[in-house]
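Some notes on the structure that comes next.
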Amino acid sequence: MTDSPVQAALLRILALQSAPHVQQPWTDLSGSEWTDLEQTANTQRVGALLHYCLQQAPETCARPPDVVCQSLADTYRQSVLRNLFLATELAELAQALQARNIPSLALKGMHLAHDVYPEIGTRQMDDIDLLVPRALLTEAVQATRELGYITREPMDVETWSADVHHLPRMFNNNNTVLELHWNITWPKDRYALSDLDGLWDRAAPIEGARGQVLGLCPEDLILHLCIHASYQHLFYTGLRPVCDISATIARYGNALDWDALSDRTLDWGWQSGVYLMLNLARTTLGARVPSRVLEALRPDIPEEAAGAARYLLWNITSDAITLPRNMARMWSRGSRREKLRDLAAAMLPNRSRLAKEYALNAGSPFVWFHYPRFVVDLAARNYGAWRSLQQADPDTRRMAVSKNLLMESLYGE
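Quick look at the structure:
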């Protein structure tokens, strides 16, 4: 697909932070186009990064109107304040866990803001993701509860963690959101990671974080960002993880062990997702991903998959983005038998899925009492998208085709 002038300009500006070696001047935009660019950046959760990059841009580059500059400065200021507050919360959590001899590892945003991006406010985030050993998960919950973190529904740690890689969201009196992870992948998924000991062995303290908080090694950080955006969220997370990957590559540069990254990708069965994300980082932001790495990881998937990923990246606000994977697959199927099988998969969840949907204890005998509610909620969420498919809405149909192509590429479904 071809990027619009606004999209192309946004990518060139964002590349100033992570890939200055490919600096390209962007076309001067009209006032309304600069407004659209700002809105696109905010939708993609990279408004603060856009502000930072514009501050680094050469004076010869086109500048947005003052009103856009001021709005972006406000976004950046809010991000700084939010991240400093979350850093304080993280330090408190780390100290409480450390007091119980529970190691903790900050995932994604907290790691990136402290140790990858040039300034703490550059990377916008909303919550705290912490990884702890599964054997210490129950004790970690007790430690966080003493700090005021609670779930909004009853939850049994052992039952929940048997099916899900993190516990339900926890909230404290400041409304800080905490997700306690014991794994970075769904434990029963086909791409599930079993080498958790390796992650912990390679982890190192995060330099900029207060308290004794670990972070993934650079190669594992890139791999986690890739699989989180691809396998776990099917590229719905938009441009921000692409910026994260590009920034991580720029931050560690020649210190990155690309051979180790490639070997782990192949050993863990993450080839398609990692390839698609690294390819996006290289083609959108000029990330220095070695050609030999992409060639080594190139999976046997349709060439159109890269374009489908890019399409979803830019269309995360489309009404059709909520189109369930089963519905996308069902619409793309040829035979009635296959369509009925996919319809059954969508309408007949297993106990674990139903429990997760409503933050229930999967072992409770009352889980199935929520099935009528599930059917009603499913219909309410997806009626519009299904009707658009039936009415031949081009955006919805393209979304269905793109999702189905990516599912086949990632999962072989």
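Sequential numbering from 0 applies to the sequence shown in numbering that gives the first Met the number 0. C-beta atoms are modelled at their ideal positions from N, C-alpha and C, and glycine is treated no differently.
In this structure, the CA atom of VAL79 is about 21 Å from the CA atom of ASN172. When DSSP assignments are scanned along the region 283 to 315, the uninterrupted stretches of alpha helix (DSSP H) that are 4 or more residues long and fall wholly within it turn out to be 290 to 296 and 303 to 313.
Membership of VAL67 in the alpha helix (DSSP H) is indicated by the continuous run 65 to 98. If you draw a 10 Å sphere on the C-beta of ASP128, you find 16 or more other C-beta atoms in it, and that means buried. Between ARG99 and ALA112 a beta carbon distance of about 26 Å is seen, past the 8 Å cut, so the two are scored as non-contacting. DSSP lists no bridge partner for GLY237. Shown here, GLY214 sits in a strand according to DSSP, grouped into three states.
For HIS180, the enclosing beta strand (DSSP E) starts and ends at 176 to 180. One Cα belongs to PRO204, the other to LEU106, and the distance between them is close to 12 Å. Nearest to PRO4 by alpha-carbon distance, out of LEU224, SER29, ARG263 and TRP269, is SER29.
The secondary-structure analysis by DSSP pairs ASP128 across a beta bridge with GLU178.
With fewer than 16 other Cβ atoms from the protein chains shown falling within 10 Å of its own Cβ, TRP367 counts as exposed.
Looking only at MET109, ALA139 and ASP73, the smallest Cα-Cα distance to ILE101 is reached by ALA139. Apart from the 5 residues on each side of it in sequence, ALA286 sits with its Cβ closer than 7 Å to the Cβ of SER17, ALA18, ILE244, SER245, ILE248 and ALA280 in its chain, given in chain order.
The beta carbon of ILE300 lies closer than 7 Å to those of SER271 and SER408 in the same chain, with the five residues before and after it left out.
Counting along the chain, ARG144 sits inside the alpha helix (DSSP H) bounded by residues 136 to 145. Less than 7 Å separates the beta-carbon of SER229 from that of LEU275.
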